[in-house]
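Reviewing the structure listed below.
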Amino acid sequence: MKKFILLFTVLFFGATSCKEEIIPEPKNLIEKDKMVNIIYDLAILEAARTQNASVQNYPKPTEFIKNKYKIDSLTFAKSTQYYASDIKEYKKMYDEVKDRLIAANAKLTGGKVIKAVESIPENGIVK
């Protein structure tokens, strides 16, 4: 009987604690659609930066995002933290970004699917 009560208590608190909002919504929360656009732009900027690291006049991704969306880094950080506290919704946001990246890639390659490189071999030659 004691084990049953202990098990019930643990399950009860486990079920109710999942519904609590761990991180309160920030005052200047970036809207979800705008946040998806920001994540998409950051992905594109980071990909471009890694393709040609020698470009000197290329804007830093964070500076570009702050100027384009008229947000400060604290607002972005707090919004990211808030959205990340709900992992299922955050994953949906990233899935939307992934779908947009795949669509953009298909548009640029004429519909050809380019396989992503999961790891680079030791010799550095990707086949």
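Just add 15 to the spot in the sequence shown (first one is 1) and you have the numbering used here. For glycine and all other residues, C-beta sits at the position ideal for the given N, C-alpha and C.
Given a threshold of 16 other Cβ atoms within 10 Å of its Cβ, counted over all protein chains shown, does Ile-37 qualify as buried or as exposed? To locate residue 37, count along the sequence shown from 1; it is residue 22. Using a 10 angstroms sphere on the CB of Ile-37, the tally of other CB atoms stays under 16, which defines it as exposed.
With a threshold of 7 Å on Cβ separation, who are the neighbours of Glu-111 within its own chain once the five nearest residues in sequence on each side are excluded? On the sequence shown, residue 111 is found 96 positions in, with the first residue counted as 1. Val-51, listed in sequence order.
When DSSP labels each residue in this structure, what does Lys-17 get in the three-state scheme? To locate residue 17, count along the sequence shown from 1; it is residue 2. The predicted model places Lys-17 with a pLDDT of 48, which falls under 50 and marks its position as unreliable; any figure quoted below should be read in that light. The three-state secondary structure of Lys-17, taken from DSSP, is helix.
For the segment 114-125 against the segment 70-89, do three or more pairs of beta-carbon atoms, one drawn from each stretch, fall closer than 8 Å, so that the two count as touching? At 8 Å Cβ cutoff, the stretches do not touch.
Tell whether a beta-carbon distance below 8 Å holds between Ile-45 and Ser-100. By 1-based counting over the sequence shown, the position of residue 45 is 30. By 1-based counting over the sequence shown, the position of residue 100 is 85. Cβ atoms of Ile-45 and Ser-100: not closer than 8 Å.
Identify which residue in Arg-64, Thr-65, Asn-82 and Pro-39 has its Cα closest to the Cα of Ile-53. Within the sequence shown, residue 53 is the residue found at index 38, counting from 1. In terms of CA proximity to Ile-53, Asn-82 leads the group Arg-64, Thr-65, Asn-82 and Pro-39.
Output the distance between the C-alpha atoms of Leu-57 and Asn-120, rounded to the nearest integer angstrom. Your numbering for residue 57 matches position 42 in the sequence shown. Your numbering for residue 120 matches position 105 in the sequence shown. Answer to the nearest angstrom: the Cα atoms are 16 Å apart.
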